[in-house]
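Take a look at the structure below.
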Amino acid sequence: MSLDQPQLDTSPAVSDEVRKTTCYMCACRCGINVHMKDGKVAYIEGNKDHPVNQGVLCAKGSAGIMQHNAPSRLRAPLKRVGERGSGEFEEISWEEALTMATDWLKPIREQNPEKLAFFTGRDQSQSFTGFWAQGFGTPNFAAHGGFCSVNMAAAGIYTMGGAFWEFGQPDWDHTKLFMLFGVAEDHDSNPIKMGIGKIKERGARMIGVNPIRTGYNAVADDWVGITPGTDGLFILAMVHCLMKAGKVDLEYLARFTNASVLINEDPKSEQFGLFLRDKDGQPQVIDRNTGKLAPWNGKGVEPDLAGTHRAKGVTHRPVFHQMADRYLSDEYAPEAVADRCGIPAQRIRALAADLARVAFDEAIELDRPWTDFRGKKHDKMVGRPVSFHAMRGISAHSNGFQTCRALHVLQIILGSVEVPGGMRFKPPYPKPATAHPKPHGKVTPGAALDGPHLGYTQGPEDLLLHDDGSPKRIDKAYTWENPMSAHGLMHMVISNAHAGVPYKIDTLFMYMANMSWNSSMNTGGVTKMLTDKDENGDYVIPHIIYSDAYSSEMVAYADLIFPDTTYLERHDCISLLDRPICEADGVADAIRWPVVEPDRDVRGFQSVLCDLGARLGMPGFVNEDGSQKYQDYADYITNHIRRPGVGPLAGFRNEDGSGKGRGDVNPNQIQNYIDNGGFWLEHVPENASYYKPFSMDYQDWAVKMGFYDAVQPYIFQLYVEPLRKFQAAAEGIGERQPPEHLRERLKVTMDPLPIWYGALEDDQVDLDEYPVHALTQRPMAMYHSWGTQNAWLRQIHGHNPLYVPTKIWEANGFAEGDWAKVSSAHGSIVVPVAHQASLNANTVWTWNAIGKRKGAWALDEGATEATKGFLLNHLIHELLPPKGDGLRWANSDPVTGQAAWFDLRVKIEKSAVPNEAQPAMPAIKSPVGKGPSELDWKVGK
Amino acid sequence: MTQLPPLSAKKLGLVIDLDTCVGCHACVVSCKGWNTENYGAPLSDQQAYGANPSGTFLNRVHSFEVQPEQGEAQLIHFPKSCLHCEDAPCVTVCPTGASYKRTEDGIVLVNESDCIGCGLCAWACPYGARELDAKEGVMKKCTLCVDRIYNENLPEEDRQPACVRTCPAGARHFGDLGDENSDVSQLVAERGGFDLMPEQGTKPVNKYLPPRPKDEMPEFDVLAPYLEPVAQDGKGFVGWLDKALSAMPGGAK
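So the sequence lines, in the order shown, correspond to chains Y and W. In terms of the working numbering, the first sequence opens at residue 198 and continues consecutively. In terms of the working numbering, the second sequence opens at residue 707 and continues consecutively.
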């Protein structure tokens, strides 16, 4: 040892204690170890035992200490004392706050429950908040799915009983070719990075299909820089190539999909386009054993893909014949789509051929016997090792639902869903649309709603319409404008409430939804709607209650603020009844618990709802004697029973903690979770690990675990009959008819087999004037603003240039440091630009929600987020440009109502350098002051 | 001036896989968290909520584009921290002996109580891997988590640098690059691991694994047999289907 080398303690104490809970820095919900020193949070790392992240943790999670201690944390309930939008508040007591809310809400509940619109943003407790809204009796409840990714979720559920992320994942351990579509750097965060690491380690390949080559696409072996909004066309061209070459898994299609189900092909029949059904209502196939009709699920039946059936003068052909007719058409030939997609025809063919090569030449087999629902025993599991993942990039378009459907059809014809090497569902999924509830909207003053708000419509009879055809919901979900709006339309609530269409409301109650900033299209317009007054000088939206943990832009626009806790100060359950965290090989749920107690006068929002629900005397929230049923959210988590034996948490049920999935209430359940590291995990039996929808081994286990109460095997719906029912109505069939102005659109968009059509905005916008596509992505190191602007993370992403491809960069003569005016049909912004070569030649993009409004988030008014950061939201309207018919056409997918963020078209021109990004909205007064100038955050000094 | 000790047999360091790094900054922030709470002075932040925030980081990820002569541009994510050089100019330049290279494992450290914050070492480092903490006035650098890797208060599996433990994509590897049989040395040998800026003569211990070639999917000609048409339209397809089905097991009707 050198004389100069100091003595060093290489085994210092790490912490006094490790408390294990669940991260909330994004929607990934990883397990975290919170190291405590002197009762304070000292360091956060990933929990190695946790099924989601297995020890790793992203930049956001590791910066949780800065979120938890942020200067922007709200400190006490607030009552607005200035004009809306001014930020003038007075701190009040919880009693005063809850009394105020009760005084507003009680008369509404007793007279017109629909006058409350309760929307909960990035809520991770929707099974609870939905239960609360149901007890209140308003039909107006949803979370943020409508402006996020409902196309993905709904297309997946209707097609195959689940989509990606919370529903399913690639078989990272076996896949040989992974194709990633769209902007997906945040959903789901760590598991995708871990999966990419795994496939790279094994030497498997990855293809990125994305206009932007960053993040995951930067490490993809091949990059397909597709034109935004054309993914569906590209996918259907690959379907064309594969079908034309017979590179489809016939055995899989025949047995496990409705490719073999017979369809009525008589245009004169009321049943045209519907399945041939037996007297029990079961869709019919031709059994290859007998050549005769048989129900799809009959014992020993071998469905025939080719057999047709003619009876009473009507021809019935299997779905697969219709698919051949459609997709073999030259309309879907690579040459026909290449220019539009921005991908050469030969490249499309090569990609299709590569999928075929890997799926069929590199098939894998696992020696695991299993039994299917027809009683057939299989001695092994055959895998097609190609896998896919997609998220908002393909779904946030007005053709997103059909595009997501197209992707699932591609997966299915390759035989690569729920097989080794393909895509795998995560229990409690798969679950077909028919096993989900239908939407409910029947209002009875003073009483609960007739059932859960959100669900899956099976036909026109399930729409939430009054007898006069007007919408029951404020967001017009489940109407002819968007018949399958499974997550509601949060982005339309304020706009519709302001317009009084379909009706006016009294109170807007929101949680974790930054609607006056990045969570709304048309940010400036929405802030005006929130502050507009009527001829009497009263606010058009009379009352606004908002709950947030931080001083977000939305706080200033509310009349009453319920300050929430940070994620380390609260109870939560990551429930199977909600958006679960399971893995393909295991069912899991988890909790958050207060690893530190709040040092402010704040309360967990869900606990506040328990109190408010009791004050309002709502069913489910009061005991028989009228007293408060759940003292707080922890009490609800432990004691609430949803169905016999099933509660919010599936683990450690029964008094002794022995119950798995089903069981009685366990008063020590939360402590059992804490002792187990904050989560519960039960592995899927090995012979049930694949083929879950078709496997009796899985179905029996699923019933045992309480996912559902009777086995419900099903087959994948290449042809979605409920879509046909809506389409048929548009053709004039049936009692419940759409309004005339929507007929033509419904005929096109409600196609029961996937189709592609151009973005709806393209029909309303001059594409010569606005030729450029504009997108956003979320950075991996920063989520959107449901937390604060984090002191560490803002040093990584403190402002956001508009990234411009080489062609546009050169055409405008841009140089480093330049600014540009970017305009859409709706508005314009002036923002800094930066060059990016690895980008689709006709696309610009920026990071989402880095831009902040002055005065928010306890930031200095000169913060780069406010001076150089910006939102694209100013360019996007919640309505399409007027068509001159006086109607309000939503900028949404016509099937699900998903906000079509990525349909945006712009033009771009060089601008003089302004003082700051435009539009610069005036500063709002901060209710929490400003953060400290210097940090040296060491707890254990 | 400070002398370098004789070379240690054990050369602890990192191997960073540029083929796998997705540029997520997990390592950056995990490092910030651990080293703010642990070894020496905390890593401070100035204007933390102000106009021009800046702070001390021991590890940063840089991203840059590469435009090949043919084909699409590529984006490379490049994490950078101290490379624990064998011939470390930051050590020899130190006027007080505060900078030193450990004899037992080759880790380069700063003894903060002897550091006068003169900044010579940061100037001497060709990699820009050292940062002077603006609040404490001492030089900060990657310690290879010397307070983790031997720490008996941590479970054995956690005795690795914070950045390696947290990396979601598994792009960071830690081990003894002085042992040619170690996992990290094997990885370097298999994947053609390289030194950063070898012309500087610093002999870095850390190694980088190069990105695999990109956009090299075979042209369609090679793959064409996989798409040999069986039919030209729906009708032809149904004809093919009949034949294909009858050829399948139990298919003869």
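Virtual Cβ for every residue (Gly too), placed ideally from N, Cα, C.
Exercise. Taking DSSP as the reference, what is the three-state secondary structure of C438/Y?
Worked result: helix
Exercise. What residues of chain W sit near K1135/Y, judged by a beta carbon separation below 7 Å?
Worked result: T742, E743 and P748
For this session: With 7 Å as the C-beta to C-beta threshold (strictly closer), list the residues of the segment 511 to 539 of chain Y near chain W in chain order.
Result: H518, A521, D522 and L525
Exercise. Along chain W, in chain order, which residues have C-beta atoms closer than 9 Å to that of W420/Y?
Worked result: E778, Q780, K920 and D921
Problem set entry | Buried versus exposed, by CB contacts within 10 Å (16 or more), W677/Y | buried
For this session: Report the residue from R670/Y, T763/Y and L433/Y whose alpha carbon sits nearest the alpha carbon of A533/Y.
Result: L433/Y
Exercise. Are the C-beta of T872/W and some C-beta of chain Y separated by less than 8 Å?
Worked result: yes
For this session: Could you confirm whether any beta carbon from chain Y is found closer than 8 Å to the beta carbon of F943/W?
Result: yes
For this session: Residues of the segment 227 to 253 of chain Y with a CB closer than 9 Å to any CB of chain W: list them in chain order, please.
Result: H232, K234, A239, Y240, I241, E242, G243, K245, N250, G252 and V253
For this session: Consult DSSP for G1081/Y and reduce its assignment to one of helix, strand or coil.
Result: coil
Problem set entry | Whole-angstrom distance between A877/W and K847/W, CA atom to CA atom | 21 Å
Exercise. Among Y413/Y, F622/Y and G572/Y, which one has its Cα closest to the Cα of K889/Y?
Worked result: F622/Y
For this session: Please go through the segment 518 to 577 of chain Y and give each complete alpha helix (DSSP H) segment of 4 or more residues, from N-terminal end onward.
Result: 531 to 538 and 542 to 553
For this session: Name, please, each residue of chain Y whose Cβ falls closer than 9 Å to the Cβ of V721/W.
Result: Near V721/W there are no residues of chain Y at all, since even the closest Cβ is about 13 Å away, more than 9 Å.
Problem set entry | Under the three-state DSSP convention, the category Y1000/Y falls into | strand
For this session: Return the first residue and the last residue of the beta strand (DSSP E) that L482/Y is part of.
Result: Here residue 482/Y is Val; the residue named in the question, Leu, does not match the sequence. Start and end: Q481 to D484.
Problem set entry | Whether L1076/Y touches S1021/Y by CB criterion (8 Å) | no
For this session: Mark D672/Y as exposed unless 16 or more other C-beta atoms lie within 10 angstroms of its C-beta, in which case mark it buried.
Result: buried
For this session: Can you tell me which of G823/W, G756/W and G746/W puts its alpha carbon nearest to the alpha carbon of P209/Y?
Result: G746/W
Exercise. Bridge partners of G365/Y, per DSSP?
Worked result: F622/Y
Exercise. Mind listing which residues of the segment 1020 to 1049 of chain Y have their C-beta closer than 9 Å to chain W's C-betas, in chain order?
Worked result: H1032, Q1033, A1034, S1035 and L1036
For this session: Determine the direct distance from the alpha carbon of E810/W to that of M198/Y, and round the result to whole angstroms.
Result: Any answer about M198/Y is weak, because its pLDDT of 43 lies below 50 and its placement is not dependable; what the coordinates show is given next. So the alpha carbons of these two residues sit roughly 7 Å apart.
Problem set entry | For Y895/Y, three-class secondary structure by DSSP | helix
Exercise. What's the C-alpha gap between H1023/Y and A1117/Y?
Worked result: 17 Å
Exercise. Where does N820/Y land, buried or exposed, given buried means 16+ other C-beta within 10 angstroms?
Worked result: exposed
Problem set entry | Beta carbon of G282/Y nearer than 8 Å to that of Y754/Y | yes
Exercise. Using the beta-carbon count (16 or more within 10 Å), is I952/Y buried or exposed?
Worked result: buried
Exercise. Opposite Q828/Y in the DSSP bridges: which residues?
Worked result: According to DSSP, Q828/Y bridges with nothing at all.
For this session: Return the chain-ordered list of same chain residues with a C-beta closer than 8 Å to the C-beta of L813/Y, the five sequence neighbours on each side being excluded.
Result: T299, L302, K303, R306 and F333
Exercise. In angstroms, rounded to a whole number, what distance separates the CA positions of V752/Y and S1089/Y?
Worked result: 27 Å
Exercise. What does DSSP give as the partner residues of M403/Y in its beta bridges?
Worked result: F375/Y
For this session: Tell me where the beta strand (DSSP E) around K489/Y begins and ends.
Result: K489 to P492
Exercise. Helix or strand or just coil, what does DSSP make of L1068/Y?
Worked result: coil
Exercise. Going along chain Y, which residues have a C-beta under 9 Å from Q892/W?
Worked result: Near Q892/W there are no residues of chain Y at all, since even the closest Cβ is about 13 Å away, more than 9 Å.
Exercise. Checking contacts by CB at 8 Å: is I1174/Y closer than that to chain W?
Worked result: Residue 1174/Y falls outside the range modelled here, since chain Y spans only 198 to 1138, and no answer is possible.
For this session: Count the C-beta pairs between the segment 754 to 774 of chain Y and the segment 319 to 332 of chain Y that are closer than 8 Å, then say yes if the count reaches three, no if not.
Result: yes
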